[in-house]
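>
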């Protein structure tokens with residue numbers, strides 16, 4: 001059985017993995033120090049790797065990056081992602097553009113847009129925009145939903161004015 005950091009040989013392999021708090025070994029697709037277009041599996045382990053699309057029941061990332069992640073459970077450590085969609089997500093020292101998770105826990109992490117029914121933010125985690133059913137911890141949001149609507153409306157008016165000025169200068 002392996003953990004995501006046991007074998008540092010670059011490549012993709014099928015392995016057996018035991019979750020740190022679990023007792024049952026699971027078949028896993030493990031990518032170490034590689035760049036991938038797509039990676040799928042029941043359990044996907046990324047270690048010092050990058051992938052465009054990651055899909056699995058459980059995704060664990062360590063020092064990795066991904067454009068999009070779709071999973072029931074996502075655990076990220078010192079990693080980055082553009083889009084994360086999961087039932088449960090945990091981020092430790094990570095960055096993401098958009099996270100949509102039923103349950104989201106962020107520790108020393110940052111995201112632009114966090115959407116969650118249950119959001120826990122700890123140790124200085126930050127989000128620019130938060131839409132949530134319940135928020136606990138040290139939440140630091142620069143913009144909440146009502147303010148975002150006002151800013152969006154102001155941006156639309158500003159864009160319309162700029163467009164009118166540009167069109168007027170062309171005549």
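Numbering (the numbering used here), first residue to last: 1 to 171. The C-beta atom is built at its ideal place from N, Cα and C for all residues, glycine as well.
#1: Kindly list the residues whose CB is nearer than 6 Å to the CB of residue 103, restricted to its own chain and excluding five residues on each side of it in sequence; keep chain order.
#2: When you compare only the Cα positions, how much space is there between residue 110 and residue 166?
#3: Less than 8 Å separating the beta-carbons of residue 129 and residue 113?
#4: Relative to the alpha-carbon of residue 50, which residue among 74, 70 and 80 has its alpha-carbon at the smallest distance?
#5: For residue 98, which residues in the same chain have their Cβ closer than 6 Å to its Cβ, ignoring the five residues on either side in sequence?
#6: Please tell me whether residue 172 and residue 54 are closer than 8 Å, where the distance is taken between their beta carbons.
#7: Check for me: the beta strand (DSSP E) holding residue 188 runs from which residue to which?
#8: Beta-carbon within less than 8 Å of residue 5's beta-carbon, same chain only, minus the 5 sequence neighbours each way: which residues are those?
On the basis of the coordinates in this document:
#1: 88 and 118
#2: 36 Å
#3: yes
#4: 80
#5: 83 and 113
#6: Missing from the structure shown is residue 172; the chain here goes from 1 to 171 and no further.
#7: This structure does not reach residue 188, given that the chain is present from 1 up to 171, and the question cannot be answered.
#8: Reliability of the predicted coordinates at residue 5 is poor, the pLDDT of 46 falling under 50, and no value is obtained from them.
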